[in-house]
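Student: Mind the numbering: the sequence shown is residues 1 to 309 in UniProt numbering, read in order. Even for Gly, the Cβ is constructed at its ideal location relative to N, Cα and C. Keep in mind the model is a prediction, meaning the values are calculated, not measured. Let me give you the structure first, and then I'll get to my questions.
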Amino acid sequence: MRALTLTDASVIYSGRTKVHAVQGVSLSIPEGCTVALVGESGSGKSSTARVVAGLQQLTAGSIGWTGEPDGTFTAPVAVGDIGDRPRVQMVFQHPDQSLDPMWSVRRSVAEPLRRLGVKDRDATETAVVTVLEKVGLDGDFLDRRPRELSGGQAQRVAVARALVASPNVVVLDEPTASLDQTVRSRLIATLAGLQDEFGTGYLMVTHDMSSVQRLADTVLVMYRGRLLETGPTEVILSAPAHPYTRALIDAVPPIDPRVRWDPAAVARDMAGVSGATACPVPGACTDHGIGLVEIAPGHRVRCTTTTQA
């Protein structure tokens, strides 16, 4: 199976002080599967996603394709080189910011084809109309501008734009964050259906655990630039091994509007391992000398208390 593979990736932002946003992260996104990257703000999720999408340079590590039909490994992108990866597209968190306000839906969705050198207007129009229909938008939307779309419609246009060039992988950066629950559910159902149809791989960056449960095959938990726990979705959500993962899942507010929750308490719970879980070895999991250890098939964790139990 073809997969986009990130190996020992690191990203350092230089400024008045250096910020090590991503530290030694390795992951694989197979076609037809969804990998969810979860964690609090500042954990390194978005930086990792931008590397995969070709929007952020690597400071160290490599990215390339495994499982090509001829059995070869595509030469990884060199450190410091963003590279040109049309096989990867991205859906951004805020469609009102990622869609040009002056462009029609037709032009926005057709843009990836133009950048790939497609010059046949009839073929482009057919591809645009077809992909819009796939996301539930008919021809009436072709000449609309972003201001004439609802939030859900705009995000569907963004999904159509990402899929029109038939990429192998789509990066979904908080795709449901700005949507209400009903629209969110519809979008996740659409993404699942499109994945079944086209076999596209998704890297989904999200705080929305309900979306993770419905769409993801694998979950990667990040904290301060490092992966703390990885494994199958059902295992991570039902039996998380790392104290931080448990705190992250427990901090998710309930979907039932009748259940009251305290946003300040949620923020405190997500602030870090030591304050949220009374971990007996606070901070030890982020020690450079502790790596991910497989505790069950496909389930790995970076935790001294778990791996020594």
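1) What did DSSP end up calling Val152 once you bin it into helix, strand or coil?
2) Hey, quick one: how far does the beta strand (DSSP E) through Ala9 stretch, first residue to last?
3) Using CA atoms only, rank isn't needed, just tell me which of Ala165, Val19 and Val131 is closest to Arg156.
4) Would you be able to state if there are at least three C-beta pairs under 8 Å between the region 173-190 and the region 11-24?
5) With the cut-off set at 8 Å, would you say Ala165 and Pro101 are in Cβ contact?
6) Hey, quick one: how far does the alpha helix (DSSP H) through Arg184 stretch, first residue to last?
7) How big is the Cα-Cα spacing for Leu228 and Ile290?
8) Could you have a look at Val135 and say whether DSSP puts it in helix, strand or coil?
9) Going straight from the alpha carbon of Ile29 to that of Gly139, what length do you get?
10) Name, in chain order, the residues that DSSP records as bridge partners for Gln89.
11) With a threshold of 7 Å, establish whether the CB of Val157 neighbours any heavy atom of the ligand NAP.
12) How many angstroms separate the CA atom of Pro95 from the CA atom of Arg184?
13) With 16 other CB atoms within 10 Å as the buried threshold, where does Met90 fall?
14) Enumerate in chain order the residues of its own chain whose CB-to-CB distance from Leu163 is below 6 Å, with the five nearest sequence positions on each side excluded.
15) Decide if Ala296 is buried, meaning its Cβ has at least 16 other Cβ atoms within 10 Å, or exposed.
16) Going by the beta-carbon positions, is the gap between Val38 and His207 smaller than 8 Å?
17) Taking just the CA atoms, how far does Leu137 sit from Glu149?
18) Would you kindly work out how many angstroms separate the C-alpha atoms of Ser10 and Gly64, rounded to a whole number?
19) So, for Met209: in the same chain, excluding its five sequence neighbours on each side, which residues have a beta-carbon less than 8 Å away from its beta-carbon?
Tutor: Here's the rundown:
1) Position check: residue 152 holds Gly in this sequence, whereas Val was assumed. The answer is helix: DSSP assigns Gly152 an H, G or I state.
2) It spans Ala3 to Tyr13 - the beta strand (DSSP E) in which Ala9 sits, taken as one unbroken run.
3) Relative to Arg156, the option among Ala165, Val19 and Val131 whose CA is nearest is Val131.
4) Under the Cβ criterion (8 Å, minimum of three pairs), the region 11-24 does not count as touching the region 173-190.
5) Not closer than 8 Å, so no.
6) Arg184 -> alpha helix (DSSP H) spans Gln181 to Phe198.
7) For Leu228 and Ile290, the distance between alpha carbons rounds to 10 Å.
8) In the three-state DSSP reduction, Val135 falls in the coil class, being neither helix nor strand.
9) Distance between the alpha carbons of Ile29 and Gly139: 33 Å.
10) The partner list for Gln89 (beta bridge, DSSP) reads Val170.
11) Ligands are entirely absent from the displayed structure, and the ligand NAP is therefore not among its contents.
12) Straight-line Cα distance between these residues: approximately 14 Å.
13) Per the 10 Å Cβ criterion, buried.
14) Cβ within range, chain order: Val131.
15) Ala296 comes out exposed.
16) Cβ distance < 8 Å, so Val38 and His207 count as in contact.
17) In the sequence under discussion, the amino acid at residue 149 is Leu, which differs from the Glu named in the question. About 11 Å.
18) Using only the alpha carbons, I get a separation of about 15 Å.
19) Once the five neighbours on either side are set aside, the close Cβ partners of Met209 are Val38, Leu237, Ile249 and Val252.
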